[in-house]
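One structure below.
Chains as they are written, first to last, in my numbering: chain A, 1490 to 1950; chain B, 1490 to 1950.
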């Protein structure tokens, strides 16, 4: 791309009317039709997977009394600088300050406690698609860093630690199906260092995508909460032997805004967005090409036949029979990332064919109408989009043996280096980037040369 | 029903785990799996209808700066006593107080103004499924009167008044499809008296259901906003002649909580809920009936055949092969309102049949497996549920000629009386109930006997 990534990204969001960031509260985004349609595909897909796995769809309240939010000490310490507080209703002060949920653990778990008496009441697995609120003081960026975050959050309580761990594996699989399956976005799964885990969790697993500018974008997290919250909120049950036990918990969520940002950025090209077919609300655009009035009738009739074919295969389509020149139409629909364009002119009608143009490769092919199988084309396109993204992703994974190497590669992607785990050696590393994860593998610290652990680093959004 | 309606209603909500009202903020409800599943059927159905009509799915911010909320004078006067205010973020006061949206006109319309330059930018038609916040001081009731309201709100801007009126007709049709079609709940469409219209609207049309205790429940409203908001928020455009014009607007919304309340209440009976089949997430429950171990194998195999049949017809089902006695299972699934129960015992296997038990009528019929067509059964059930509710509704529509008659009938449903439109005669009427609508038809005031208009009255939730 000739433009700078940041410029291109902002142009995509506004020209494709995905979102509008001109609303009069900083960091609060307006999701427009084109953006919301893609997010709805994602959220319905995820909700279906979670519900197949036994999660109940729920909706818990937005407002959390200060007394509840404060109960888990690490948790409130992690969020207190970012919480929005409701202090008045109408002209009167409220009895207790009410927080806008920054996440829903402290809202949900008192209810979990009410629902849990014996082992037979477990597991509890719920999810909700909703917004959370964090007055993040870093620079806001549309979809990437906002103060109103649109996500799906899952929360559980199990009778045993093993079931909680099993659940983390299941959710890892489901999130991978969403992110790398449906959205075709490759990610690295990283267990965050202790200082970067979710406040109140035992540990946090994150899904990191790599953006075209080499920075990583955390698109989802899964937290093993152990018994921290169940202890505080008294989620306890009688086991089969009649002994009181505390539940084991997990919570997790992907951000739909960030997922949309990664889909736009990772697959896009100089012509605009490239949407994986299952995410596109318009999967095919039909463009009648008529230069002579005499051809109009037969092309229009033929377009109707093409439409019938698409309908019967369950493909969502649009016919663009507006007054613009074909070139202008191509430009517009390529910008929007519509997976295939079907051109229909008089010669196509004669051949009983359509010209199929793929958005991902630009390939043009004349296909007999009876042989047209766009579902098959889409499957191939999805694989191609995914593997192209994967190749690019793999080429952005580096190893560095010196600080200079680290610095050079950090702008391109994720870099593995070694670190002795001492604070004084962390400082020069963290001046250059962020530690995503500490691995089990050993190595020699690139600062002091002493024995240490391998760590993955990147510049992050 | 032997119980009082209020008791029965609360029992339905809790025993069926639809919602939980024990959350520690008054009026803020927890929507549990069974309730949220029904609401998701409603919201997806409505969203699809709106999007087919050209509405864009959107999500606008929750927080509205005080300056925006205050711009339309009637509007803020109508809401100021109920608005929740965010005054702090983290430890610091926010620059301007931020309201939790009580409804989204003042949030959306500044954006509409940015999007509107010429007539070609219109119409704008958007919708969002979301929550709004009103610190209603009346007694809260689960699903019926809450302070966090789950709804879908639609908002438009048109170039002409005619298009806005046409849109009101379209939305009336769509809401009728949702409420009386999908949910089978009969309603009366009432244009509210001026003193009861939406603050800032020219007029408000409301959809009133009648609950078993004779009180009406407003489940949806449509507002003709005229040019009140477009004038204040400067939603203006150049018409074809290049003249600046103000847009014509409408806004509307059904409350999903109230719709759920009406579905539960209007169709339910002494055994529990009766769900219209398209709203049920479990449409059929299969109950294997085995008293002798020797029969177990063949019943289990046969149940698998029944399952295959249901799957291939796109019916959502559950097999209840738990240890409870059949009677206990019948009780449980009837309580939950599952449309049909399929009993499968050894004799059914021999006859290659299943016993089909309809929830709405209790009818039992042995049906050959090859003839089983539940989709057809469901269609018949839906019609029956709808017409039974309609009959009951019609029997609750009264006319009264005296104050005594009015008082007697008001506890049963909607009563038409005549009123001279003077304040002193309104008083004795409003001591007994609420004026839902003033009709064009004339009549003699039942208080003073002078010429007046017919009005519809009810006790309302």
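All residues carry an ideal CB built from backbone N, CA and C; glycine is no exception.
Quick one, are the C-beta atoms of residue 1848/A and residue 1827/A less than 8 Å apart? Within the first chain, residue 1848/A is the residue found at index 359, counting from 1. Within the first chain, residue 1827/A is the residue found at index 338, counting from 1. Yes, these two residues count as a Cβ contact at 8 Å.
Any idea what DSSP makes of residue 1662/B, helix, strand or coil? Within the second chain, the letter at position 173 stands for residue 1662/B. In this structure, residue 1662/B counts as helix in the three-state DSSP scheme.
Proximal residues of chain B, C-beta to C-beta of residue 1564/A below 8 Å: Locating residue 1564/A in the first chain gives position 75, where the first residue counts as 1. Against chain B, the beta carbon of residue 1564/A has no neighbour under 8 Å; the closest one sits roughly 15 Å away.
Can you list, in chain order, the residues of the stretch 1525-1536 of chain B whose Cβ is nearer than 7 Å to any Cβ on chain A? 1525, 1526, 1529
Cβ of residue 1546/A within 8 Å of any chain B Cβ: By one-based count along the first chain, residue 1546/A stands at place 57. It does; some Cβ of chain B falls within 8 Å.
Among 1511/B, 1546/B, 1520/B, the one whose alpha carbon lies nearest that of residue 1770/A: As a position in the first chain, residue 1770/A is number 281, starting the count at 1. Ranking 1511/B, 1546/B, 1520/B by Cα distance to residue 1770/A puts 1546/B first.
What residues match up with residue 1777/B in a beta bridge as DSSP calls it? For the purposes of this step, residue 1777/B is identified with residue 288 of the second chain, where counting begins at 1. Answer by DSSP bridge pairing, in chain order: 1833/B.
Which class does residue 1556/A belong to by DSSP, given the choice of helix, strand or coil? Along the first chain, read from residue 1 onward, the residue named residue 1556/A stands at position 67. Of the three classes helix, strand and coil, the one that applies to residue 1556/A here is helix, per DSSP.
Measuring only between beta-carbons, confirm whether residue 1748/B sits less than 8 Å from chain A. Against the second chain, residue 1748/B aligns to sequence position 259. False, the Cβ-Cβ gap to chain A never drops below 8 Å.
For residue 1933/B, does the three-state DSSP call read helix, strand or coil? In the second chain, the residue the question calls residue 1933/B occupies position 444. Taken through DSSP and simplified to helix, strand or coil, residue 1933/B comes out as strand.
Please return the same chain residues whose Cβ sits closer than 8 Å to the Cβ of residue 1895/A, not counting the five positions on each side in sequence. Residue mapping note: residue 1895/A aligns to position 406 of the first chain, counting from 1. Closer than 8 Å at the Cβ level, and outside the excluded window around residue 1895/A, lie 1889, 1904, 1906, 1918, 1921, 1922, 1935, 1946.
Let me know if residue 1780/B comes out buried or exposed under the rule of 16 or more other beta-carbons within 10 Å of its beta-carbon. As a position in the second chain, residue 1780/B is number 291, starting the count at 1. Under the 10 Å beta carbon count, residue 1780/B is surrounded by fewer than 16 other beta carbons and is classified as exposed.
I need the straight-line Cα distance from residue 1675/A to residue 1540/A, nearest angstrom please. On the first chain, position 186 is the one that residue 1675/A refers to. On the first chain, position 51 is the one that residue 1540/A refers to. For the pair residue 1675/A and residue 1540/A, the Cα-to-Cα distance works out to about 24 Å.
Quick one: what does DSSP say residue 1702/A is sitting in, helix, strand or coil? The sequence position of residue 1702/A within the first chain is 213, counting from 1. If DSSP states are grouped into helix, strand and coil, residue 1702/A belongs with coil.
Apply the 10 Å Cβ neighbour rule to residue 1719/B and answer buried if 16 or more other Cβ atoms are within range, or exposed otherwise. Translated into the one-based positions of the second chain, residue 1719/B becomes position 230. Flag for residue 1719/B reads buried.
Quick one: is residue 1741/A near chain B, going by C-beta distance under 8 Å? Numbered from its first residue, the first chain carries residue 1741/A at position 252. It does not: the Cβ of residue 1741/A has no partner Cβ on chain B nearer than 8 Å.
Does the distance from the C-beta atom of residue 1740/A to that of residue 1641/A stay below 8 Å? Indexing the first chain from 1 puts residue 1740/A at position 251. Indexing the first chain from 1 puts residue 1641/A at position 152. Going by C-beta atoms, residue 1740/A is not nearer than 8 Å to residue 1641/A.
List the residues of chain A that residue 1514/B touches, going by C-beta distances under 7 Å, in chain order. Position 25 of the second chain holds residue 1514/B. Residues of chain A passing the Cβ test: 1550, 1552, 1554, 1587.
Coil, strand or helix - residue 1916/B by DSSP: To locate residue 1916/B, count along the second chain from 1; it is residue 427. If DSSP states are grouped into helix, strand and coil, residue 1916/B belongs with the helices.
Applying the criterion that 16 or more other CB atoms from any shown protein chain within 10 Å of the CB defines a buried residue, is residue 1793/A buried or exposed? Counted from its first residue, the first chain places residue 1793/A at position 304. Exposed is the call here.
Residue environment, residue 1582/B, which counts as buried when at least 16 other CB atoms sit within 10 Å: If you number the second chain from 1, residue 1582/B lands on position 93. Label assigned to residue 1582/B: exposed.
Between which two residues does the alpha helix (DSSP H) carrying residue 1790/B extend? Counted from its first residue, the second chain places residue 1790/B at position 301. Start and end: 1782-1801.
Restricting to Cα atoms, I'd like to know which of 1608/A, 1549/A, 1557/A is closest to residue 1585/A. One-based indexing of the first chain puts residue 1585/A at position 96. Closest option to residue 1585/A, judged by alpha-carbon separation, among 1608/A, 1549/A, 1557/A: 1557/A.
Please report the distance separating the alpha-carbon of residue 1760/B from that of residue 1820/B. Counted from its first residue, the second chain places residue 1760/B at position 271. Counted from its first residue, the second chain places residue 1820/B at position 331. So the two alpha carbons sit approximately 8 Å from each other.
Provide the residue span of the beta strand (DSSP E) that contains residue 1582/A, from first to last. Counting from 1 along the first chain, the entry for residue 1582/A is found at position 93. First-last of the beta strand (DSSP E) with residue 1582/A: 1581-1589.
Assign residue 1696/B to one of three DSSP states: helix, strand, or coil. Translated into positions along the second chain, residue 1696/B becomes position 207. Reduced to three states, the DSSP call for residue 1696/B is strand.
State the DSSP-derived secondary structure class of residue 1927/B, mapped to helix, strand or coil. Position 438 of the second chain, counted from the first residue, corresponds to residue 1927/B. Residue state, collapsed to three classes: strand.
Give me, in chain order, the residues of the same chain whose beta-carbon lies closer than 6 Å to that of residue 1950/B; leave out the 5 immediate sequence neighbours on both sides. Indexing the second chain from 1 puts residue 1950/B at position 461. The answer, listed in chain order, is 1633, 1704, 1706.
N- and C-terminal bounds of the beta strand (DSSP E) containing residue 1727/A: Translated into positions along the first chain, residue 1727/A becomes position 238. Segment 1725-1727, the beta strand (DSSP E) holding residue 1727/A.
Just the chain B side, please: which residues come within less than 8 Å of residue 1572/A by C-beta, in chain order? As a working note, residue 1572/A is residue 83 in the first chain. The answer, in chain order, is 1578, 1579.
Between which residues of its own chain and residue 1683/B is the CB-CB distance below 8 Å, once the five residues before and five after are set aside? For the purposes of this step, residue 1683/B is taken as the residue at position 194 of the second chain. Answer for residue 1683/B: 1692, listed in chain order.
Less than 8 Å between the CB atoms is what I'm expecting for residue 1561/B and residue 1592/B, so what's the real figure, rounded? For this step, residue 1561/B is matched to residue 72 along the second chain. For this step, residue 1592/B is matched to residue 103 along the second chain. About 11 Å separates the two Cβ atoms, so there is no contact after all.
Which residues in the same chain have their Cβ closer than 7 Å to the Cβ of residue 1861/A, if we skip the five residues on either side of it in sequence? By 1-based counting over the first chain, the position of residue 1861/A is 372. Only 1798, 1843 meet the Cβ criterion.
I'd like the list of long-range same chain contacts for residue 1930/B, defined as Cβ closer than 6 Å, with 5 residues on each side in sequence excluded. Against the second chain, residue 1930/B aligns to sequence position 441. If we look at residue 1930/B and ignore the five residues flanking it on each side, its Cβ neighbours are 1943.
Would you tell me roughly how many angstroms separate the C-alpha atoms of residue 1824/A and residue 1924/B, rounded to the nearest one? Walking along the first chain from the start, residue 1824/A turns up at place 335. Walking along the second chain from the start, residue 1924/B turns up at place 435. Roughly 54 Å between the two C-alpha positions.
Three-way DSSP call (helix, strand, coil) for residue 1873/B in this model: Reading the second chain from its first residue, position 384 is the one you call residue 1873/B. Residue 1873/B: helix per DSSP, three-state reduction.
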